[in-house]
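A.B. asks: One structure, as structure tokens, below. Some questions next.
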Amino acid sequence: MSIINVNEPLQCGTWKMKYINNKNIKKGYTLVVDIGTTTMKVAIINEKNRIILCESEKVQINISRKNDIYQAEMDPEILWNQFVELVKKAITKFGSIELIESFGMCCQRNTFVSWDKRNMKPIHPLITWKDCRGKDACNQWNKGLFIKTLNIAGSVLYFLLRGEKFKSIKIFRFINAMVSHRFLAISKEYKEVEKLRREGFLGFGFLDTWIVAKLTNGSKVVSEPSGSSTTGLYDPYVRNWASYMLKIISFPSEILPNLTSSAGEVIGMINKSIFGYEIPICSLMGDQQAAMVGAGCLSVGDVKISLGTGSFININTGKNVFASLLGLYPICAYKIRDDYCFAVEGVSSDTSEVINWAGMMNLYDRLENCSDIAFSGNTDNQLNFFPSFSGVQTPINDTNACCALLGINSSSKREDILRAILESISFRVYQLWKAVHFEISNFECGKIRICGGVAANDFICHTFCTLIDKEIERPSDYASTTLIGSAFMCNLTKGYYDITDISNIISIDKIFKPNKHERKKLLEKYNNWEKSLERTLEYYKK
């Protein structure tokens, strides 16, 4: 926990305020929660958007294999109790709950749960985005006649009409990260799901839905487009649930939560019984989209790179919904009342897991030393590491790929192996970058900002900026951009800001500049790495 003296300068962005003449709005504090895959953070942020207090705890995720299927679950009641206790802890240390005027939250996406509407009792665990029990069903559908016919129809229509939606249909595939087939698998595993659905008592939603429903004693069952647009249940072209596709796969669309705004209107009120005080819920967002806001990547062409549990690259596409042939995903960045902003996203899933594994293997003693150790490694070694604990995502999209270390010999040292591991994270993000440039014609890049806990690693940031041959900015609050973004959106709802206010007022911790002399050699190593990656593909194919 850290308490910051508000009279002292902060090492994070300080935003100008745009107060409006509204007697119903008081100048107070914002309570913000970020529920990630590995950590839950609670922050109290003042009207000048300075973090006054921050609490964090590791969240419990249960990893197992059942029938050779990777399962990643959370206990919804344990998570809810942890949420309540961590918020209470922060409020107690803050000391004045009556000064908290709004609540905002961002969450890991594509995690879902079902419950009994009558008593809010969960039927099954929270099924996280890393869970793979929908993989086989996705593969069966993708090999089936319907998807093949759909792709052919999309190809013809795209050739004739050139619409982005037809391009999406041309290459459409079900992927395990989507909620749809994981939910259908859960429905077979937990018979009570279908029973309650038939009776009309089935509650269903994502992590934000579950927490808001609990906060409002079940009166608000909602989600918003930034979180919903990554689930495979939402159609960004019609800006609503994808009713036609859901009907095809027999997904019960009647159970889906109501769609609300990311910000711009009060979403609901936290029941007084939870924390002893009513607090308006002013913002909900997906974690990556909140980080886009918190990093100030709000102009078309701006690029936000998050290095945390996974590596995410998000490009702001403004009003345009972008379709991809390589697995980049069109998402909603935010919805403010009736105003939508879209983005395109590429993902590599195992970033923090790879870093943690390297620590478990004693390749470094302290996380802060990682960069120094890697920089000391042999730049001429032929070691290649492939960070694929859960397969390779965009642009290869192979769930059967394996993690591997190739090229090790008797002279390989600890620092050489660590260097290869950290290089592999940069290489995967560079793959995403290349996919963006391949698919978006005339791509005009705006600012590039990097954030997330792993962004503290200078070696990774330096390697990536040299690969792309462009400067990268790391915000001062790079580890808290999700919290900062959520707080900004809350204050926008309250009328303090306009969406454009944040773009040019984020303070920068460090600017990474490409090393022109290293680039040729580094690109050669990347090309060798990419070629060697093929050896790891389809390793687990049945």
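For the sequence shown, the residue numbers in UniProt numbering are 1 to 542.
Every residue, glycine too, gets a C-beta built ideally from N, C-alpha and C.
Computed from a prediction, not measured in an experiment: that's the story for all the values here.
Taking DSSP as the reference, what is the three-state secondary structure of residue 523?
C.D. replies: Residue 523 sits at position 523 when you count from the first residue of the sequence shown. Helix, per DSSP.
A.B. asks: Take residue 302 as the anchor and find which of 310, 292, 311, 124 has the nearest alpha-carbon.
C.D. replies: Residue mapping note: residue 302 aligns to position 302 of the sequence shown, counting from 1. It is 292.
A.B. asks: Helix, strand or coil for residue 20 per DSSP?
C.D. replies: In the sequence shown, counting from the first residue as 1, residue 20 sits at position 20. Reliability of the predicted coordinates at residue 20 is poor, the pLDDT of 34 falling under 50, and the value obtained from them is presented with this limitation in mind. Reduced to three states, the DSSP call for residue 20 is coil.
A.B. asks: Identify whether residue 244 lies in helix, strand or coil by the three-state DSSP scheme.
C.D. replies: On the sequence shown, residue 244 is found 244 positions in, with the first residue counted as 1. Looking at residue 244 - three-state DSSP - the assignment turns out to be helix.
A.B. asks: In terms of alpha-carbon separation, which member of 335, 382, 355, 483 lies closest to residue 369?
C.D. replies: For this step, residue 369 is matched to residue 369 along the sequence shown. Comparing Cα positions, the closest option is 355.
A.B. asks: Which whole-angstrom value is the C-beta distance of residue 285 and residue 214, which I expect to be below 8 Å?
C.D. replies: Indexing the sequence shown from 1 puts residue 285 at position 285. Indexing the sequence shown from 1 puts residue 214 at position 214. 18 Å between Cβ atoms; not a contact.
A.B. asks: Please list the terminal residues of the continuous alpha helix (DSSP H) segment that includes residue 351.
C.D. replies: By one-based count along the sequence shown, residue 351 stands at place 351. Residue 351 -> alpha helix (DSSP H) spans 351-360.
A.B. asks: Would the beta-carbon of residue 374 fall within 8 Å of that of residue 415?
C.D. replies: Locating residue 374 in the sequence shown gives position 374, where the first residue counts as 1. Locating residue 415 in the sequence shown gives position 415, where the first residue counts as 1. In this structure, residue 415 lies closer than 8 Å to residue 374 by Cβ.
A.B. asks: Report all residues from its chain with a CB closer than 6 Å to the CB of residue 473; omit the five preceding and five following residues, and keep chain order.
C.D. replies: The residue labelled residue 473 in the question sits at position 473 within the sequence shown. Closer than 6 Å at the Cβ level, and outside the excluded window around residue 473, lie 449, 508, 511.
A.B. asks: Which whole runs of the beta strand (DSSP E) in the segment 84-112 are 3 residues long or more, in chain order?
C.D. replies: 100-107
A.B. asks: So, with DSSP's three-state summary, where would you put residue 82?
C.D. replies: The residue you call residue 82 lines up with position 82 of the sequence shown. Reduced to three states, the DSSP call for residue 82 is helix.
A.B. asks: Assign residue 177 to one of three DSSP states: helix, strand, or coil.
C.D. replies: Along the sequence shown, read from residue 1 onward, the residue named residue 177 stands at position 177. Correct three-state label for residue 177: coil.
A.B. asks: Note down, in chain order, each residue of its chain lying with its Cβ closer than 6 Å to the Cβ of residue 335, except the 5 sequence neighbours on either side.
C.D. replies: The residue you call residue 335 lines up with position 335 of the sequence shown. 225, 261, 262.
A.B. asks: Between which two residues does the beta strand (DSSP E) carrying residue 200 extend?
C.D. replies: Your numbering for residue 200 matches position 200 in the sequence shown. Bounds of any beta strand (DSSP E) do not take in residue 200, whose DSSP letter is neither H nor E.
A.B. asks: In whole angstroms, what separates the C-alpha of residue 29 from that of residue 495?
C.D. replies: Walking along the sequence shown from the start, residue 29 turns up at place 29. Walking along the sequence shown from the start, residue 495 turns up at place 495. Roughly 14 Å separates the two Cα atoms.
A.B. asks: Out of 357, 419, 477, point me to the one whose CA is closest to residue 379's CA.
C.D. replies: Locating residue 379 in the sequence shown gives position 379, counting from the first residue. Per the Cα distances, 419.
A.B. asks: Along the chain, where does the alpha helix (DSSP H) containing residue 373 start, and where does it finish?
C.D. replies: Position 373 of the sequence shown, counted from the start, is the residue given in the question as residue 373. Annotation for residue 373: the continuous alpha helix (DSSP H) segment containing it runs 370-375.
A.B. asks: Assuming residue 287 contacts residue 107 under a Cβ cut-off of 8 Å, what Cβ separation, rounded to an integer in Å, is found between them?
C.D. replies: In the sequence shown, residue 287 corresponds to position 287, counting from 1. In the sequence shown, residue 107 corresponds to position 107, counting from 1. Going by Cβ atoms, the distance from residue 287 to residue 107 rounds to 6 Å, so yes, they are a contact pair.
A.B. asks: Taking residue 202 as the reference, give the member of 129, 256, 86 with the closest Cα.
C.D. replies: Your numbering for residue 202 matches position 202 in the sequence shown. It is 256.
A.B. asks: Between residue 31 and residue 279, which are expected to be in contact by the criterion C-beta below 8 Å, what is the C-beta distance as a whole number of angstroms?
C.D. replies: As a working mapping, residue 31 is identified with position 31 in the sequence shown. As a working mapping, residue 279 is identified with position 279 in the sequence shown. Contact holds; Cβ gap of about 7 Å.
A.B. asks: In three-state DSSP terms, what is residue 534?
C.D. replies: The residue you call residue 534 lines up with position 534 of the sequence shown. Judged by DSSP in its simplified three-state form, residue 534 adopts helix.
A.B. asks: In chain order, what residues of the same chain lie with their CB nearer than 8 Å to the CB of residue 26, ignoring the 5 residues before and after it?
C.D. replies: As a working note, residue 26 is residue 26 in the sequence shown. For residue 26, the predicted structure reports a pLDDT of 47, less than 50, and the residue's modelled location is therefore unreliable. A value from the coordinates is still provided. Same-chain partners within the cutoff: 101.
A.B. asks: Following the continuous alpha helix (DSSP H) through residue 430, name the residue where it begins and the one where it ends.
C.D. replies: The residue given as residue 430 occupies position 430 in the sequence shown. That run of the alpha helix (DSSP H) goes 414-439.
A.B. asks: Taking DSSP's pairing of strands, which residues face residue 340 in a bridge?
C.D. replies: The residue you call residue 340 lines up with position 340 of the sequence shown. According to DSSP, which records beta bridges pairwise, residue 340 is partnered with 335.
A.B. asks: To the nearest angstrom, how far is it from the Cα of residue 198 to the Cα of residue 235?
C.D. replies: The residue you call residue 198 lines up with position 198 of the sequence shown. The residue you call residue 235 lines up with position 235 of the sequence shown. Straight-line Cα distance between these residues: approximately 26 Å.
A.B. asks: Taking the alpha-carbon positions, what's the residue 447 to residue 489 distance?
C.D. replies: Taking the sequence shown and counting its residues from 1, one reaches residue 447 at position 447. Taking the sequence shown and counting its residues from 1, one reaches residue 489 at position 489. For residue 447 and residue 489, the distance between alpha carbons rounds to 21 Å.
A.B. asks: For the putative contact between residue 311 and residue 429, defined by C-beta atoms under 8 Å, what is the C-beta separation to the nearest angstrom?
C.D. replies: To locate residue 311, count along the sequence shown from 1; it is residue 311. To locate residue 429, count along the sequence shown from 1; it is residue 429. About 5 Å; that satisfies the 8 Å criterion.
A.B. asks: With 16 as the cutoff for other CB atoms within 10 Å, does residue 315 come out buried or exposed?
C.D. replies: By one-based count along the sequence shown, residue 315 stands at place 315. Classified as buried, residue 315 has 16 or more neighbouring CB atoms from the shown chains inside 10 Å of its CB.
A.B. asks: Look up residue 390 in the DSSP assignment and give the residues it is bridged to.
C.D. replies: For the purposes of this step, residue 390 is taken as the residue at position 390 of the sequence shown. Residue 390 pairs with nothing; no bridge assigned.
A.B. asks: In this structure, does DSSP put residue 300 in helix, strand or coil?
C.D. replies: One-based indexing of the sequence shown puts residue 300 at position 300. Three-state result, residue 300: coil.
A.B. asks: Comparing the C-beta of residue 200 with each C-beta of chain C, is any distance below 8 Å?
C.D. replies: Judged by its chain identifiers, the structure shown contains no chain C, having just a single protein chain.
A.B. asks: Determine the closest residue to residue 367 out of 459, 501, 401, 470, with distance taken between C-alpha atoms.
C.D. replies: For the purposes of this step, residue 367 is taken as residue 367 along the sequence shown, with counting starting at 1. Taking only the C-alpha atoms, the option nearest residue 367 is 459.
A.B. asks: Since residue 62 sits in a beta bridge, which residues does DSSP pair it with?
C.D. replies: If you number the sequence shown from 1, residue 62 lands on position 62. Beta-bridge pairing links residue 62 to 73.
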